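Numbering (this note's numbering), first residue to last: 31 to 152.
Idealized CB from N, CA, C, for every residue including glycine.
Please read these numbers as outputs of a predicted model, since none were measured by experiment.
As structure tokens, the structure follows; a few thoughts come after it.
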């Protein structure tokens with residue numbers, strides 16, 4: 031599998047895992063050609079500190095079991111904004127008010143955007 035295909039696979043898997051914990055507004059930003067820091071941001075929102083931590087821990091735990099480990103994690107203790115750095119993908123799990131305050135979608139407004147929706151049966 032090519033590195034690009036593997037990157038998309040991890041991105042899609044991380045989005046699905048966030049949705050499994052009822053994350054809201056799950057969106058990816060394609061930063062290739064815009065930033066040299068990473069290829070993709072995945073943004074997800076939780077409505078409480080506990081949910082933010084649960085989403086982030088679920089993404090990390092499940093990806094770790096699949097052999098994908100983060101190089102760096104920040105904010106897990108606080109639960110307002112957890113950043114999980116997988117080098118080519120950075121997952122941001124925000125509390126609603128924190129996401130509104132930092133507005134990463136606006137900051138990276140020129141990046142191609144993809145929205146993920148929960149397709150699991152209710």
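Scanning the stretch 96-140 for uninterrupted beta strand (DSSP E) segments of 3 residues or longer gives 102-104, 111-115, 119-125, listed from N- to C-terminal end. When secondary structure is reduced to three states using DSSP, residue 147 falls in the coil class, being assigned neither helix nor strand. A contact is defined here as three or more CB-CB pairs under 8 Å, and the stretch 134-144 fails this definition with respect to the stretch 88-100. Per DSSP, the unbroken beta strand (DSSP E) holding residue 74 starts and ends at 70-76. DSSP, reduced to helix, strand and coil, places residue 59 within a strand of the structure shown. Linking residue 134 to residue 120 through their CA atoms gives a straight-line distance of about 12 Å.
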